[in-house]
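This report concerns only the one structure given below.
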Amino acid sequence: MNILFCGDENAEDGVLISTLSLLKNSGAKELHLYILTMEAHSDKRKYHPFSKHAADFIRSLLVKANPKNTLELIDCTDLFIKQPPTANMNTRFTPYAMLRLFADELPQIPDRILYLDDDIVIRSDITAFYKQNIKGIELVGVLDYWGRFFFHNVKTKRVFDYLNSGVLLLNMTKIKQTGLFAKVRDMMQTKKMFLPDQSAINKLAVAKRVVPRRYNEQYRLQKNTKIQHFTTSFRFWPYFHTQTVKPWDVDRVHSVLHLHEYDDLLNEYLKIRNNLKE
Numbered sequence: 013m014n015i016l017f018c019g020d021e022n023a024e025d026g027v028l029i030s031t032l033s034l035l036k037n038s039g040a041k042e043l044h045l046y047i048l049t050m051e052a053h054s055d056k057r058k059y060h061p062f063s064k065h066a067a068d069f070i071r072s073l074l075v076k077a078n079p080k081n082t083l084e085l086i087d088c089t090d091l092f093i094k095q096p097p098t099a100n101m102n103t104r105f106t107p108y109a110m111l112r113l114f115a116d117e118l119p120q121i122p123d124r125i126l127y128l129d130d131d132i133v134i135r136s137d138i139t140a141f142y143k144q145n146i147k148g149i150e151l152v153g154v155l156d157y158w159g160r161f162f163f164h165n166v167k168t169k170r171v172f173d174y175l176n177s178g179v180l181l182l183n184m185t186k187i188k189q190t191g192l193f194a195k196v197r198d199m200m201q202t203k204k205m206f207l208p209d210q211s212a213i214n215k216l217a218v219a220k221r222v223v224p225r226r227y228n229e230q231y232r233l234q235k236n237t238k239i240q241h242f243t244t245s246f247r248f249w250p251y252f253h254t255q256t257v258k259p260w261d262v263d264r265v266h267s268v269l270h271l272h273e274y275d276d277l278l279n280e281y282l283k284i285r286n287n288l289k290e
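Going left to right, the sequence shown walks through residues 13 to 290 as this note's numbering numbers them.
Below, the structure written as structure tokens:
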């Protein structure tokens, strides 16, 4: 199973938790992780790349579980400098979210790969989802829980079509044929957007498949959830507010979400997380 992550040093804890969940719950016989990172800065922030030390530690966990497992840390700095998302650099958007859009430029990225945000936890076997027939399909994903009500591409002729980009099964062969990622990169250079990479992917994808929410549960754990995404959501009680709880914020996973489903994983994470730093 090929897995794609992107991020700076702030993604290290999330990728560690996601990796632990992949090892324990995904059902994959082999795991091949690709982590895209870079040196970057904007007018407002300076970013630091996902460290080699953290990547080496996560790789050691993978290889301990199965010597055939691999992890490759890929520096995309030159690609990003060549084609930065100029119109969106000083928005709330983190430029690291764009790195997956360079996957078509990286020869080491395999034809089939599952992209995961760093706030994803795998809850149960996803091999059937990963192995599904994607001939003629650019990408497979789940509707955005909230965005589906507000964003729509009339070309799809579907009532709801706006995908959340936190879990995407990518057919790199088809994406290269259609030029999807190249078109998205071009749009992000010239058009300022809300959630720019996600919005552009939804607007420009010509062959996408929508699968049930159990493969990217963004609101609340369900009995059949296979992948849980700890994304920001809206809550209406006792008053309207946004709520953000990430899996590495273990105390708030318990106190705010009242969630103990992943205690074994999170306890393991707490024991070993200091190894991410030198």
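Virtual Cβ for every residue (Gly too), placed ideally from N, Cα, C. This structure is a prediction, so every number in the text was calculated from the model and none was measured.
Counted within 10 angstroms of its Cβ, other Cβ atoms place residue i as buried (16 or more) or exposed
| i | result |
| --- | --- |
| Asn279 | exposed |
| Glu229 | buried |
| Arg197 | buried |
| Gly26 | buried |
| Arg57 | exposed |
| Gly191 | exposed |
| Asn214 | buried |
| Phe162 | The predicted model places Phe162 with a pLDDT of 46, which falls under 50 and marks its position as unreliable, so this point remains unresolved. |
| Leu282 | exposed |
| Ile146 | buried |
| Val75 | exposed |
| Val268 | exposed |
| Val218 | exposed |
| Pro79 | exposed |
| Pro259 | buried |
Of the residues the options, the one placed nearest residue i, counting alpha carbons only
| i | options | result |
| --- | --- | --- |
| Met13 | Asn81, Glu24, Pro96 | Asn81 |
| Ala194 | Phe17, Gln255, Leu180, Leu216 | Leu216 |
| Ser30 | Ile149, Asp129, Pro224 | Asp129 |
| Cys88 | Lys258, Leu180, Tyr127, Tyr46 | Tyr46 |
| Leu126 | Leu118, Glu117, Arg112 | Arg112 |
| Lys220 | Leu269, Tyr174, Gln95, Ala109 | Tyr174 |
| Pro122 | Asn176, Gln255, His65, Ile187 | Ile187 |
| Arg71 | Val265, Arg124, Leu35 | Leu35 |
| Ala109 | Asn176, Ile134, Tyr142 | Asn176 |
| Phe92 | Tyr157, Glu117, Lys235, Val265 | Glu117 |
| Leu32 | Ile134, His65, Val218, Leu83 | Ile134 |
| Tyr292 | Arg124, Leu271, Val223 | The question about residue 292 has no answer here: the residues shown for the chain are numbered 13 through 290. |
| Asn22 | Asp276, Met50, Lys94, Thr254 | Met50 |
| Asn287 | Lys94, Lys64, Gln255 | Lys64 |
| Gly39 | Asp275, Tyr142, Lys94 | Tyr142 |
| Gln95 | Met200, Arg124, Lys41 | Met200 |
Contact under 8 Å by Cβ, residue i with residue j
| i | j | result |
| --- | --- | --- |
| Cys18 | Leu43 | no |
| Ser211 | Tyr231 | no |
| Thr202 | Asp131 | no |
| Ala115 | Leu16 | yes |
| Glu290 | Leu233 | no |
| Phe62 | Leu85 | yes |
| Val262 | Tyr227 | no |
| Leu155 | Arg225 | yes |
| Ala52 | Pro97 | no |
| Leu83 | Ala67 | yes |
| Phe73 | Arg285 | The sequence given here places Leu at residue 73; Phe does not occur at that position. Taking 8 Å as the Cβ cut-off, Leu73 and Arg285 do not qualify as a contacting pair. |
| Tyr59 | Asp20 | yes |
Per DSSP, cross-strand counterpart(s) of residue i
| i | result |
| --- | --- |
| Val179 | Leu128 |
| Asp20 | Pro61 |
| Thr82 | His44 |
| Asn287 | Partner(s): none; Asn287 has no beta bridge. |
| Gly153 | Val222 |
| Val27 | Its beta-bridge partners do not exist; DSSP assigns none. |
| Gln210 | Looking at the DSSP assignment, Gln210 forms no beta bridge with any residue, so it has no partner. |
| Val133 | Gln240 |
| Ile15 | Leu45, Leu126 |
| Ala52 | Tyr59 |
| Glu229 | Gln240 |
Cβ-heavy atom distance, residue i to the ligand NAD, below 7 Å
| i | result |
| --- | --- |
| His272 | Judged by which ligands are present, the structure shown has none, so any question about the ligand NAD falls away. |
Would you say the stretch 134-149 touches the stretch 235-247, given that touching needs at least three Cβ pairs under 8 Å? yes
Would you say the stretch 147-157 touches the stretch 183-190, given that touching needs at least three Cβ pairs under 8 Å? yes
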